[in-house]
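Scroll down for the structure; my scribbles are underneath it.
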Amino acid sequence: MHGQHGVGLCALRRAGEPYERASGKLAAHTMVTTGAMAKRIDRLEQAGLVTRRRSDADQRSRIVRFTESGRDLIDRAFTDHMRNERRLLDLLTSTEAEALETLLASWLSPMDNPSGDA
């Protein structure tokens, strides 16, 4: 179930309290078209994981919000993900873990400073 609904739910969870976001912003955050996002939201709504309402600020826009079931699902998925990550990292020796940390820091550095001013 996590993979089936994961992308939309993760983007909504990252929105923070009250865990709602305009459907267009969800599309932008997940790098899909608004049409593709509408289909995903339809499936999430049919599964009882989100609700949709008109935006108070712009009646053309729809606001997507977690249901209690949706929030519970994403929180369980995150917990499962972190547990699995810990399991994988525990397979490394301390030397391997340090090497991985150095490699990841080097790899992420350009993303942390996209202007290239390292």
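Note that full-length UniProt numbering has the sequence shown beginning at 1, numbered continuously upward.
By construction, the Cβ of each residue, glycine as well, lies at the ideal position given by its N, Cα and C atoms.
Under the three-state reduction of DSSP output, T51 falls in the strand class.
L44 and R86 have their alpha carbons spaced roughly 29 Å apart. With a cutoff of 8 Å on beta-carbon distance, S23 and I41 are scored as near each other.
Residues of the same chain with a CB within less than 6 Å of the CB of A27, apart from the 5 flanking positions on each side, are T34, M37 in chain order. In this structure, the CA atom of R76 is about 33 Å from the CA atom of Q59. For the pair E98 and S106, the Cα-to-Cα distance works out to about 12 Å. If you draw a 10 Å sphere on the C-beta of R53, you find fewer than 16 other C-beta atoms in it, and that means exposed. Checking the DSSP bridge columns, you'll see V32 has no partner listed.
Rounded to whole angstroms, E20 and T79 show a C-alpha spacing of 21 Å.
For A57, the three-state secondary structure derived from DSSP is coil.
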